Every structure is written in C-alpha cells, then in structure tokens.
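Reminder that position 326 of the sequence shown reads as 326 in full-length UniProt numbering, one-by-one numbering, no gaps.
Every residue, glycine too, gets a C-beta built ideally from N, C-alpha and C.
Bear in mind that the values here come from a model prediction, so they are computed numbers and not experimental data.
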Amino acid sequence: MPQATVGDTSLTRSYIPKVSQTPGISPTIAHFYKPIEDRCIHEGRVVDQLYYTSHHIDRCFFNIRLNCLYEINELIVPHFILYFYSQVTLQRDESGFILIFFMIQNEFITLSLAQFGQILIISFNGQAVFTNEWDLASLAYSQETEGPYHTDLPTPEEIHQFLQFQRVDSNRTIKSKTVILLPNQVLTKELRRDLKQWEELIRENVFGLGGHRDHLPACLAHILYFILAEQQYNLAYFFVKRIESARGSPKAHLPYGMFLTSLFRYVNPHLDNGIYNAVDRVMRPLALKQTLKPQSDRGKARHSVSSTSTHHNYGSSSYHGDDDEDDGASRASTPSHTTYLNSLEPLNYQRYDIPTSSQQDDDLLFER
1 MPQATVGDTS LTRSYIPKVS QTPGISPTIA HFYKPIEDRC IHEGRVVDQL YYTSHHIDRC
61 FFNIRLNCLY EINELIVPHF ILYFYSQVTL QRDESGFILI FFMIQNEFIT LSLAQFGQIL
121 IISFNGQAVF TNEWDLASLA YSQETEGPYH TDLPTPEEIH QFLQFQRVDS NRTIKSKTVI
181 LLPNQVLTKE LRRDLKQWEE LIRENVFGLG GHRDHLPACL AHILYFILAE QQYNLAYFFV
241 KRIESARGSP KAHLPYGMFL TSLFRYVNPH LDNGIYNAVD RVMRPLALKQ TLKPQSDRGK
301 ARHSVSSTST HHNYGSSSYH GDDDEDDGAS RASTPSHTTY LNSLEPLNYQ RYDIPTSSQQ
361 DDDLLFER
C-alpha cells in the first residue's frame, strides 16, 4: 500500500469522544477514560472485489473461514470502542478457556472465545498463537503447551520451505547502520509474488497500518502457512490477544474498529437506557475508511465515500447518558471497572445466538 495511507489512522483522533472533558465528570472517571480516548483507532480496510478475486484469495481464504477479512465493510461506533477498550480484560475459566469481560452502561458482558468469534463472524478453531515479534522462532516461545489452545506449530524451517522465501539480501539498513538479518527474520519483499497480495490484505485487517511494513511478522507468516496448507486458524484467539496487548501498550493503536461493530450490534439490544440509539451518537460516516484496490486502480478513487463527510459533534449535549454512567460509576464501591471485573467468580455462560436482522434496528444503526 502507498505509505500515505498510514496517515489515515492518526485522523481517527478527531472523532473519538472526549468523555474525560465532560463538564462535572469525576477526576477518577476522567483519568480512567483519558488514556484510551487519546489513542488512534485502526479501522480496517474495505477490500475491492477485483482485489480478492485475484490470485485465488477468495477461494483460499474461504476454505479456512478467513473470508471475513475481505468481506468486512462496517461503519465505526466511536463511543462503543472507547468504552470497550477502557476496561476489557481476559480471564480463564477452570478448564483454561478464555473469557472476555467488559462493561457497558453498568452491565457486565462475559463472552467465551467461541461466542466472541461467532459475534464477529471470524474463525475460532484451529491453530492458536500470538506474538508481536518478527523472528519466526518467537512462535515457539509464544505457543500454549497445554490446555484447550495447545498448538503443534510448524518449525521455522517448515515455514521457510512451504512459503518458499527467497532471501534477497542478508543485510538491512536501519538508521544508516547495516544490520545482518537472522535466518528466521523475513522481509516482505522475500515473499513469492502471488503471496504479496495475501500478505497485504491480512496486514490491513488483522495487524493494522504502520510499523515496519518492510518485514514479515512471525504471526503473519504463520497465517500464510495455514492458508496454503488449508488448515484452520483461530483468528478469534489472535484478535483477543492482540486486543489485550494493545490495551496494555500506552501508545498502541486500538485495533479492529470495523469488526467491533458486530460486537456493538450484539450488546446494544441488552442496554436499557438506549444510550446508543441516537443517530448523532452512534456511527461516524465512512469519511476516512479506504478501499484496498488492485494496483492498477490505486490513486484513482481510494476513499469509500467523499472525504468531505462531516464528523459528528460530540458537544456537552451529547453526553447526558455518559453523565449518568459516570455518576453511577463514581458512586460504586470498587475503584475501577477493571478491578471489579477481576474480582468476578467464574461464570456459567449461556450459548450465544446471533440476533436476526429483524432484531436489529439497522435502518437507524446505519443512517448517515
């Protein structure tokens, strides 16, 4: 992708609601939200049909249920992203299964990893591993050796052979200094030509913009391996571990903006006070979201809609629901939402049934 697209993410600061600036808000609650509302959101990229029908992307991704990466096309819910990332935590039940906890409008939501995957319509079975590292050897250091997510990983040598990396140059220049690459550090340009579009699509909607785009992250190489091998990949596991990692990193972008819209849809019917039912508080226009297009189409019409779309105004009149929430939270006996979540006993959660279209107010939800 052209490097200019990296700047799109920084523009998302313009529509993240500034709850901490609400008049009369308690300093404790303001301090709670401020670290999140100062972040950027990685929204994700809408993928052009001509792009994913080339190089067998649609067929190979569909075979292992990764078609969600090129089918996603959602508006963003800024308030929900703020509240979600402000206190989402991961825990394990007695059998080692991951549980996702978060609180919206004083209601605690608990989801199993399978439920989380169902809601976001992403795969939740198969190979499970997460690392932010570059070196392929880091996969072995990050795998779970027991429990429900135990994974037998391919070795770096097997990944090398299967993906047919072609070392271009063993030297790399970083800040005017020559660095010798290790055998398991792979550059993006060492990918086969037919896999470069795969890598670009996965990076855009799983890993995000920015960073060192010239090298291939270990987990991205791992995903490519399993697409070619036609074996299941646990995308839900990667998502929640990356969400946890991003929340714990003060300057990290908040990932999966478009995907989290599906979670918003699930949560919204369960809220009593209708905080998200006002159109001017829900969805921002697709002003910044861009389309991943074939090389020949780039530079012609990169934006999904006109970049002149206006952002919603988050003035003080928009925060009446938040004021009620903040007052209630400040009166709670616990110091923070996260502390309260950490004190919960293991839950017996019910099976999740995805709401039908008749249960969702899509006309209101997606009105621009």
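Can you look up residue i in the DSSP assignment and give me helix, strand or coil?
| i | result |
| --- | --- |
| R39 | coil |
| R92 | strand |
| P167 | A small fix is needed here, since residue 167 is Arg in this sequence, not Pro. It is coil, neither helix nor strand. |
| R213 | coil |
| R192 | coil |
| I109 | strand |
| V46 | strand |
| H150 | strand |
| V240 | helix |
| I104 | strand |
| R65 | coil |
| I121 | coil |
| K34 | helix |
| residue 369 | The shown model of the chain, from 1 to 368, leaves out residue 369, and the question about it has no answer. |
| E345 | Residue placement at E345 is flagged as unreliable, the pLDDT there being 32, under the threshold of 50; the coordinate-derived value follows with that caveat. Coil at E345, not helix or strand. |
| Q185 | coil |
| T178 | strand |
| Q127 | strand |
| E144 | strand |
| T72 | Note on identity: in this sequence residue 72 is Ile, with Thr being the wrong assignment. DSSP places I72 in coil when its eight states are reduced to three. |
| L82 | helix |
| I98 | strand |
| L254 | strand |
| L292 | strand |
In terms of alpha-carbon separation, which member of the options lies closest to residue i?
| i | options | result |
| --- | --- | --- |
| Q164 | Y15, Y225, A137, H42 | Y225 |
| N125 | I57, Y33, E204, Y149 | Y149 |
| Q185 | N205, D214, M103 | D214 |
| L69 | L90, V47, L153, P17 | V47 |
| I223 | E244, E200, S245, K18 | E200 |
| I81 | V267, K293, P294 | V267 |
| Q161 | S138, L191, L139, F238 | L191 |
| A140 | I72, C219, P23, R265 | C219 |
| L136 | T155, G147, P23, I122 | T155 |
| F97 | G117, G147, E71 | G147 |
| I121 | R242, E71, T53 | E71 |
| R203 | L66, Y15, T53, S54 | L66 |
| L228 | T28, T53, I64 | I64 |
| L111 | S138, A236, P294 | A236 |
So that I know if they touch, is there some Cβ in chain C lying closer than 8 angstroms to that of residue i?
| i | result |
| --- | --- |
| V179 | Absent from the structure is chain C; it holds one protein chain and no more. |
Using the Cβ count rule (16 or more neighbours within 10 Å means buried), how would you classify residue i?
| i | result |
| --- | --- |
| Q115 | buried |
| E230 | exposed |
| L182 | exposed |
| H212 | exposed |
| V168 | exposed |
| Y83 | buried |
| L94 | According to the sequence as given, residue 94 is Glu; it is not Leu. Exposed, because fewer than 16 other Cβ atoms sit within 10 Å of the Cβ of E94. |
| R247 | buried |
| R193 | exposed |
| E158 | exposed |
| S10 | exposed |
| K177 | exposed |
| L50 | exposed |
| R59 | exposed |
| I180 | exposed |
| T22 | buried |
Among residues of its own chain, excluding the 5 on either side of residue i, which ones have a beta-carbon nearer than 7 angstroms to its beta-carbon?
| i | result |
| --- | --- |
| S20 | A30, Y33, K34, E37 |
| T12 | C40, I41, E43, L288 |
| F102 | F84, Q87, V88, I109 |
| S142 | V129, F130, T131 |
| W134 | Q185, H215, P217, A218 |
| V240 | L90, I98, I100, L113, F116 |
I'd like the list of long-range same chain contacts for residue i, defined as Cβ closer than 8 angstroms, with 5 residues on each side in sequence excluded.
| i | result |
| --- | --- |
| P127 | Sequence inspection shows Gln at residue 127; the Pro mentioned does not correspond to that position. The answer, listed in chain order, is T151, L153, H222, F226, Q231, Q232, Y233, N234. |
| S245 | F130, N132, A252 |
| T188 | K196, E199, R213, D214, H215, L216 |
| G208 | T9, H42, H253, P255 |
| H337 | Note that H337 has pLDDT 28, beneath the 50 cutoff, so the model's placement of it is unreliable and no number is given. |
Leaving out five residues on either side along the sequence, give the residues of the same chain with a beta carbon under 6 angstroms from the beta carbon of residue i.
| i | result |
| --- | --- |
| L263 | I119 |
| E144 | H150 |
| E74 | M258, T261 |
| R172 | V179, L181 |
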